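Each remark here refers to the structure printed beneath this line.
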């Protein structure tokens with residue numbers, strides 16, 4: 216997000232609180248979030264896809280909501296009005312093509328109105344059919360599967376290239392210039408994980424009753440659209456429903472987080488980005504000490520970038536009375552890898568713990584597998600999934616395995632030596648030494664892991680790894 | 043008890059602080075903090091210049107202070123060093139040449155010594171062709187205790203009409219005003235081509251681009267030190283033009299015959315006259331085409347009528363002024379040029395270095 220976009224986002228959140236303290240604030244946030252879904256989507260080389268992808272996201276969300284919501288609720292006046300307003304916004308976005316000579320609120324010109332009408336008809340039909348399928352549990356399972364498959368296609372370079380080629384051909388464009396970056400769908404990773412959370416909670420009977428307007432606002436909430444955090448729907452809706460007045464705004468929190476966020480993102484991260492490890496400079500660096508500097512610069516850059524965005528998201532959301540969950544808690548100062556992962560992208564790790572790690576652990580406990588192998592398996596599976604969430608490539612897989620293995624080793628180390636280490640660390644000085652050395656070791660381990668994250672192939676990553684130790 | 047927070051007061055205080063800094067900035071000394079020439083980052087072997095900073099780890103900026111602070115010439119001069127500075131355009135800077143292939147690097151490879159001191163050649167070329175830009179750098183370079191200056195020029199440096207519009211010149215109007223006065227130059231200090239300094243441009247907001255550029259130059263210094271890369275080397279590039287349209291004999295829309303009054307020879311003369319060190323003036327090599335209509339043009343830059351007249355004029359001026367002058371205009375065949383009529387191959391740079399070395403006439407003090 217750019218500085219003007221952040222300023223506009225903060226202004227709109229403040230405006231919503233300034234104008235309305237109750238339900239209408241929710242309506243404004245719903246409207247702003249829907250418009251932001253289109254406005255923040257970057258331009259795509261496949262014609263009109265920067266309009267159709269957000270539309271598809273909206274269709275998916277509305278369809279899945281209709282599938283897991285009782286029919287009488289779907290057909291309530293409030294929800295029908297929300298659906299009608301969403302459709303109206305889509306049509307208004309389409310009208311910008313006629314009113315403005317240049318793209319307005321969309322990255323490129325919106326499609327012709329007749330196509331938007333057609334899309335709305337298909338959307339309405341989809342929602343209607345979805346609401347008529349009276350098997351919400353199966354609907355939720357099928358929805359989860361579809362989302363996972365969609366994520367795999369989008370995150371896999373080859374599959375997304377093939378998809379781009381196919382879509383280009385269907386769109387009457389040349390497939391020769393297709394690229395795996397043609398389908399950059401802003402925020403879809405987060406939208407998908409939020410959707411899976413609601414679908415899985417629905418299956419378990421834990422999903423609270425939410426209106427269409429609340430559901431859409433939760434999924435597309437604009438401060439958290441592009442970089443999270445992944446909130447929980449019941450917590451989000453509680454804030455959204457609670458009356459919130461201008462006088463309740465926590466200015467100290469907002470000023471601190473937004474100043475910090477701007478400083479982290481636009482001063483620290485953007486500066487470090489100039490010297491951070493990249494596929495281009497990895498092969499150019501001549502000596503090991505410089506390779507370490509580049510690697511550390513990347514480790515710090517990714518932290519300041521991501522946590523800076525989180526600070527901004529939390530600050531903007533708070534202006535509208537929404538308390539998004541924290542995502543970072545000084546991860547690089549943690550004394551071990553387990554605590555690092557409890558402090559890094561916390562909302563993602565909590566999501567994964569809830570929907571992968573814990574269910575898998577419970578399932579494996581019923582088998583005859585030894586405890587250590589259950590720990591190894593669950594850690595590897597969880598971290599591998601986090602890796603693949605970033606992209607279905609060999610290097611992201613290795614990055615996930617690196618961390619899964621690290622977590623397993625830390626678990627075993629702790630199990631074997633905790634008593635002895637605790638006994639040894641009897642004095643404050645020894646405790647401090649333990650904490651500092653642990654933090655240094657953990658940072659080092661995480662930094663070495665970033666090599667697999669930032670470089671595109673195992674060959675380039677290995678070559679850089681050797682260079683770090685003076686072997687290349 | 044914790045004091046209540048008043049956002050409006052905080053905003054006003056912040057604004058007041060910003061205004062204070064912004065207003066005081068014009069009175070602050072120029073920012074010359076540099077990470078270059080420190081144990082962390084060595085000085086660059088050529089002045090910062092680059093249009094693709096993210097790939098070249100180098101960037102163009104307008105602050106001569108920052109540019110020279112990033113250059114190795116800023117290091118203190120060893121007692122046994124005979125310091126030779128090379129002034130010129132992109133051919134001296136070394137477009138498409140690695141640092142070790144440039145003219146100054148080739149001169150250093152010759153291991154020469156003058157006046158009992160070992161000669162060290164510094165590349166102060168800068169990739170825009172303008173004699174006033176050269177003088178701007180020449181004038182600044184005289185602060186770095188030169189023992190000798192080699193100034194390479196070509197006809198394209200001289201047309202009067204282009205002198206003030208070169209970006210480095212246009213964006214250094216206070217320095218150019220000073221040059222006009224001290225060197226008695228034939229330019230209007232109020233020429234609209236010169237970007238004026240206003241109270242607004244002096245504020246923190248007005249200086250934001252310059253400050254950001256200086257900051258980025260320091261960061262890119264780390265990557266320059268880490269990789270040794272300071273420009274993008276394309277795998278292939280178009281060869282210089284050798285075929286020309288019939289009748290294409292224009293040179294900056296100047297009428298034939300070439301009048302001395304249309305060229306900025308005065309900048310060169312006054313510069314050399316005020317030089318603290320002996321100067322060798324070199325008319326640099328150009329591509330002499332043998333292609334279509336090469337009887338009209340030597341190359342993309344020059345019609346024959348203009349270039350021939352220029353050579354006669356410069357040679358006469360050098361003779362009249364008693365300058366040490368080397369004319370190597372046709373030293374190399376077309377195959378020794380890379381992507382332009384003035385950019386040489388590494389092999390040609392080696393030969394040119396040898397030619398130049400023979401022409402240096404040091405004036406040794408007792």
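Chains as they are written, first to last, in the numbering used here: chain B, 216 to 687; chain U, 43 to 408. Glycine included, C-beta positions come from ideal geometry on N, C-alpha and C. All values derive from a computational prediction rather than experimental measurement.
Taking C-alpha atoms, which residue in the options lies nearest to residue i?
| i | options | result |
| --- | --- | --- |
| residue 223 (chain B) | B:326, B:409 and B:255 | B:255 |
| residue 392 (chain U) | U:373, U:404, U:70 and U:406 | U:373 |
| residue 249 (chain B) | B:449, B:227 and B:262 | B:227 |
| residue 613 (chain B) | B:565, B:238 and B:670 | B:670 |
| residue 340 (chain U) | U:365, U:295, U:359 and U:285 | U:285 |
| residue 135 (chain U) | U:326, U:293 and U:312 | U:326 |
| residue 527 (chain B) | B:546, B:508, B:481 and B:429 | B:481 |
| residue 517 (chain B) | B:574, B:498, B:661 and B:564 | B:661 |
| residue 286 (chain B) | B:347, B:245 and B:269 | B:347 |
| residue 168 (chain U) | U:273, U:239 and U:75 | U:273 |
| residue 65 (chain U) | U:377, U:394 and U:249 | U:249 |
With DSSP as the reference, label residue i as helix, strand or coil.
| i | result |
| --- | --- |
| residue 494 (chain B) | helix |
| residue 123 (chain U) | strand |
| residue 305 (chain U) | strand |
| residue 161 (chain U) | strand |
| residue 537 (chain B) | coil |
| residue 612 (chain B) | helix |
| residue 547 (chain B) | helix |
| residue 129 (chain U) | strand |
| residue 193 (chain U) | strand |
| residue 265 (chain B) | helix |
| residue 323 (chain U) | strand |
| residue 369 (chain U) | strand |
| residue 166 (chain U) | strand |
| residue 86 (chain U) | strand |
| residue 349 (chain U) | helix |
| residue 345 (chain B) | helix |
| residue 259 (chain B) | coil |
| residue 262 (chain U) | helix |
| residue 282 (chain U) | coil |
| residue 558 (chain B) | coil |
I want to verify the contact list: residues of chain U whose CB lies under 8 Å from the CB of residue i, in sequence order.
| i | result |
| --- | --- |
| residue 538 (chain B) | Within chain U, no residue comes near residue 538 (chain B); the closest Cβ sits about 18 Å away, beyond 8 Å. |
| residue 508 (chain B) | 264 and 268 |
Which chain B residues sit within Cβ distance under 9 Å of residue i?
| i | result |
| --- | --- |
| residue 262 (chain U) | 489 and 490 |
| residue 58 (chain U) | Near residue 58 (chain U) there are no residues of chain B at all, since even the closest Cβ is about 16 Å away, more than 9 Å. |
Interface residues of chain B around residue i at Cβ under 7 Å?
| i | result |
| --- | --- |
| residue 258 (chain U) | 489 |
| residue 270 (chain U) | 501 |
| residue 265 (chain U) | 490 and 496 |
| residue 52 (chain U) | 470 |
For residue i, go through chain B and note every residue whose CB falls closer than 8 Å to its CB, in chain order.
| i | result |
| --- | --- |
| residue 49 (chain U) | 466 and 470 |
| residue 97 (chain U) | 495 |
Assuming residue i and residue j are in contact, meaning their beta carbons sit under 8 Å apart, how far apart are those beta carbons, in whole angstroms?
| i | j | result |
| --- | --- | --- |
| residue 279 (chain U) | residue 100 (chain U) | That pair is no contact at about 18 Å. |
| residue 342 (chain U) | residue 282 (chain U) | 6 Å |
| residue 673 (chain B) | residue 609 (chain B) | 6 Å |
| residue 232 (chain B) | residue 536 (chain B) | 6 Å |
| residue 253 (chain U) | residue 210 (chain U) | Rounded, the Cβ-Cβ distance is 18 Å, inconsistent with contact. |
| residue 131 (chain U) | residue 199 (chain U) | 7 Å |
| residue 359 (chain U) | residue 309 (chain U) | Not confirmed; about 12 Å, so no contact. |
| residue 83 (chain U) | residue 264 (chain U) | 6 Å |
Give me the chain U residues within the contact set of residue i, using Cβ-Cβ distance strictly less than 9 Å, ordered along the chain.
| i | result |
| --- | --- |
| residue 486 (chain B) | 257, 258 and 261 |
| residue 665 (chain B) | None at all; the shortest Cβ gap to chain U is about 17 Å. |
| residue 505 (chain B) | 264, 265, 267, 268 and 269 |
Practice task
Please confirm if the region 321 to 336 of chain B is in contact with the region 366 to 379 of chain B, defined as three or more CB-CB distances below 8 Å between the two stretches.
Solution key: no
Exercise for the section: Mind the definition here: the region 350 to 366 of chain B touches the region 415 to 428 of chain B only if three or more C-beta pairs lie below 8 Å; say whether that holds. Expected result: yes
Handout entry: Cβ contact (3+ pairs, closer than 8 Å) linking the region 389 to 400 of chain B and the region 428 to 438 of chain B
Key = no
Problem - Cβ pair count under 8 Å reaching 3, the region 206 to 226 of chain U against the region 95 to 109 of chain U - result: yes
Exercise for the section: Would you be able to state if there are at least three C-beta pairs under 8 Å between the region 618 to 630 of chain B and the region 589 to 598 of chain B? Expected result: yes
Handout entry: Three CB pairs or more closer than 8 Å across the region 117 to 127 of chain U and the region 153 to 161 of chain U
Key = yes
Problem - Touching by the beta-carbon criterion (3+ pairs, under 8 Å), the region 546 to 562 of chain B and the region 493 to 513 of chain B - result: no
Handout entry: Cβ pair count under 8 Å reaching 3, the region 297 to 307 of chain B against the region 329 to 342 of chain B
Key = yes
Problem - Touch test, the region 383 to 398 of chain U against the region 130 to 147 of chain U, Cβ-Cβ under 8 Å, three pairs minimum - result: yes
Exercise for the section: Indicate whether the contact test is met: 3 or more Cβ pairs, each with one atom in the region 641 to 650 of chain B and one in the region 483 to 501 of chain B, closer than 8 Å. Expected result: no
Handout entry: contact_flag[the region 461 to 478 of chain B, the region 646 to 665 of chain B] where n(CB pairs < 8 Å) is 3 or more
Key = no
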